[in-house]
Amino acid sequence: MEIDKLEAMIEAILFTMGEAVDLNRIALAIGHDEETTKKVIHNMMDHYEEENRGIQIIELEGAFQLCTKTSMYEVLTKIAHIPKKHTLTDVLLETLSIIAYKQPITKIEIEKIRGVKSDHAVNKLIEYNLVCEVGRLDAPGKPIVFGTTEEFLRSFGVQSIEELPVINADKVEDFKLEAEKEVQLQLEI
Amino acid sequence: MEIDKLEAMIEAILFTMGEAVDLNRIALAIGHDEETTKKVIHNMMDHYEEENRGIQIIELEGAFQLCTKTSMYEVLTKIAHIPKKHTLTDVLLETLSIIAYKQPITKIEIEKIRGVKSDHAVNKLIEYNLVCEVGRLDAPGKPIVFGTTEEFLRSFGVQSIEELPVINADKVEDFKLEAEKEVQLQLEI
Amino acid sequence: MGIPVKLEVFEGPLDLLLHLIDKNKVNIYDIPIVLITEQYLEYVKNMQTKDLNIMSEFLVMAATLIKIKSKMLLPKEDKEDEEKEDPRQELVDRLLEYKMYKFISEELKDKQQDAAKVMFKNPSIPDEIRDYKEEINIEELLGDITLSKLHRIFESVIKKQADKIDPIRSKFGQIEKEEINLSDKMSYIEEFAKKNHTFGFRKLLEEQCSKMDLIVTFLGILELMKTGIIQILQENLFEDILITYDANASVS
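Protein chains in written order, with this note's numbering: chain P, 71 to 259; chain B, 71 to 259; chain D, 2 to 253.
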């Protein structure tokens, strides 16, 4: 069946390329429009869910990549060399979460939220390829604005920045209330 | 089912290792004897035969490896030939202009002018063959200095970098230029 | 009171304030400003850092706290107004925002730990197509970028940098305005040495006035000596350094 062939092609492509491949490239290679291609890939993702599969397809902002399932981690530690990831300090994580949620954001804005100079943290995040410059703000001084990278999505297991846990005004309020409750709880003890 | 889990593990192992993996290593990792492991793998090989799979397991003198099916060759050639979309972002253009006008220039100097880490931009420009290493600075650490390529000159239709439009000093207030020179001076020593 | 406590290190003033609020188990919406300010100042007083940048950030917050404190101590002139504006409000907002990001960063940390458990695979392009190297079409890449556009971009970069430079400090730069470049200086010395063969360091310096000139000239001499183009000799301490040109050693 036609669909089967397409799935096979896509599997071969993702396996061979190793890295994240843009949807439009896959579509061009298999000779179908992006819409169809996306449907086929999403369908494949369901197949990969099955218990006898050790690999999965992940989606990263319109690109797709093959990787192992997290449940396979233990067996892999027994045989494969597991590359060491950068451990992010609290300072870096804090700066990164501000950038992730507020992107595109200038360094000044980051510093305003953190209350401290953040050059070092921003540069480190750039070095780790988790953050990059995305352009300049059309404002006096044309400051650089920063955003997160594809590597960020991969490292934190999110498909797109929209998929980050939502923190709209309501949620913030919830969080504030929660924090308040927590405080009161502590007071009662 | 137990067999399913073993299959998943083996798939994850072969995927991660990339190369041929000896049967005894696989057996050790999944915690079963070689006989059973081999049976499971042979069983898997049958599954991979199905039409919707683009990859297969091949056996090489007691070792196993995941690779694409030969029938996938055509689509792989296609994907490899579909160029990625390259664009000169503002970040790249800005970095390019600095290198063009300040060459030979070190990465540190570029970063000092731009105020942010610029490895990524410099690397991309090198990849696009607009910029190249032109030597090393005779200074502590012997830093690499960068300049524009012949390709750059050709693309912009000039014979040499002396032909680049001259910086109009009137546009920038005089003392500010001097101040900028001072920074330059400090960098050069 | 008075028990020596090892000072914790805080990332910044907001971090410290959150810690104090937490420690005193007080409501973030109703910060007892007198108490917190007191403890904050106590901490800052004992801060070990000699980094002025860090210190100044803590001091700015100290000033903010004192300002809030004094505003709260002032008699309430207009009750209506007072109800609307709590002098602490802005600080509370900042603290809450900061706290929220701290909270999020913990979430991200968990996500990262999970995501780190997946393995990727290196590209394995079959041999038959491995040789293929993707061509970059420069013309397409450059699009409508012209030389003059590139030029404008550079000018704006320079302008931005100039804007950043403190105008008072930059005026000092006018004392030594010409650019001195080590390699230029080296060629100058080499020319001078070719002409004069043997000469004193002081003579070489006659035409050069600035301190920067002197330093770069000296560096140039050291460099040329290293390559063997010149030899130098100083009979006694503080005596003029005698420079001799070695024609044989000159590299093409």
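For every residue, glycine included, the Cβ atom is placed at its ideal position computed from N, Cα and C.
Residue-chain proximity (residue i, chain D), Cβ-Cβ < 8 Å
i      : result
B/S225 : yes
P/S230 : no
P/E119 : no
B/E81  : no
P/A78  : no
P/E89  : yes
P/L163 : yes
B/D72  : Residue identity check: residue 72 of chain B is Glu in the sequence provided, not Asp. B/E72 does not count as touching chain D.
P/G211 : yes
B/E221 : yes
P/P174 : no
Residue i, enclosing beta strand (DSSP E) - first and last residue
i      : result
D/Q232 : I231 to L234
B/I214 : I214 to T218
P/K206 : It is worth fixing the name first, because residue 206 of chain P is Arg in this sequence and not Lys. Residues V201 to R206.
C-beta neighbour in chain B for residue i, strict 8 Å
i      : result
P/F85  : yes
P/G205 : yes
P/D208 : no
P/K75  : yes
P/I168 : no
P/I214 : yes
D/K122 : yes
D/S125 : yes
Delimiting residues of the alpha helix (DSSP H) encompassing residue i
i      : result
B/I231 : From DSSP, B/I231 is part of no alpha helix (DSSP H); its letter is neither H nor E.
B/Q173 : Here B/Q173 belongs to no alpha helix (DSSP H), and DSSP marks it neither H nor E.
D/A64  : L53 to L74
D/P14  : P14 to K24
D/R89  : Unbroken run through D/R89: none, as it is neither H nor E.
P/E181 : K177 to R184
P/Y198 : Premise fails: P/Y198 is in no alpha helix (DSSP H) and is neither H nor E.
D/L42  : I34 to K46
D/I139 : I139 to L143
Beta-bridge pairing of residue i - partner residues as DSSP gives them
i      : result
D/G201 : D/L243
CB contact below 8 Å: residue i versus chain P
i      : result
D/N54  : yes
D/P168 : Its pLDDT being 47, under 50, D/P168 is placed unreliably in this model, and the value from its coordinates should be taken loosely. Answer no: the Cβ-Cβ gap between D/P168 and chain P never drops below 8 Å.
B/N199 : no
B/L146 : yes
D/K172 : A caution first: D/K172 carries a pLDDT of 45, below 50, which makes its placement in the model unreliable, though a value can still be read off. No, its Cβ sits nowhere closer than 8 Å to a Cβ of chain P.
B/V242 : Reliability of the predicted coordinates at B/V242 is poor, the pLDDT of 49 falling under 50, and no value is obtained from them.
B/L93  : no
D/E86  : no
D/K68  : no
D/L15  : yes
D/E240 : no
Residue i beta carbon near the ligand GDP (any heavy atom closer than 7 Å)
i      : result
B/R206 : Questions concerning the ligand GDP fall outside what the structure shown contains, since it holds no ligand whatsoever.
### Message
My parser needs the alpha helix (DSSP H) runs of 4 or more residues fully inside the segment 76-149 of chain B; what are they?
### Response
Segments of the alpha helix (DSSP H) lying fully in the segment 76-149 of chain B: 93-100 and 104-118.
### Task
With 9 Å as the C-beta to C-beta threshold (strictly closer), list the residues of the segment 95-117 of chain B near chain P in chain order.
Among the residues of the segment 95-117 of chain B, those with a Cβ less than 9 Å away from any Cβ of chain P are R95, I96, L98, A99, I100, G101, M114 and H117, in the order of the chain.
#### Entry: Residues of the segment 139-160 of chain D whose Cβ lies closer than 9 Å to any Cβ of chain B, in chain order
For the segment 139-160 of chain D, which is checked against every Cβ of chain B, the residues closer than 9 Å are I139, E140, E141, L142, L143, G144, I146, T147, L148, S149, K150, L151, H152, R153, I154, F155, E156, S157, V158, I159 and K160.
### Task
Identify each residue in the segment 122-155 of chain B for which the Cβ-Cβ distance to at least one residue of chain P is less than 7 Å, and report them in chain order.
Shown in chain order are the members of the segment 122-155 of chain B whose Cβ falls below 7 Å from a Cβ of chain P: N122, R123, G124, I125, T138, K139, M142, V145, L146, K148, I149 and I152.
### Against chain A: residues of the segment 180-198 of chain B by CB proximity under 8 Å
The displayed structure is made up of protein chains P, B and D, and chain A is not among them.
### Against chain B: residues of the segment 185-208 of chain D by CB proximity under 7 Å
Residues: none.
### Message
Give me the subset of the segment 220-231 of chain D whose CB atoms are less than 9 Å from a CB atom of chain B, sorted by chain position.
### Response
Across the segment 220-231 of chain D, CB contacts with chain B closer than 9 Å involve L220 and E224, in sequence order along the chain.
### Query
Using a beta-carbon distance cut-off of less than 7 Å, what residues from the segment 99-116 of chain D approach chain P?
Result list: Y99, K100, M101, Y102, K103, F104, I105, S106, E108, L109, K110, K112, Q113, D115 and A116.
### Query
Between the segment 34-47 of chain D and chain B, which residues of the former have a C-beta closer than 9 Å to a C-beta of the latter?
Hits within the stretch: zero.
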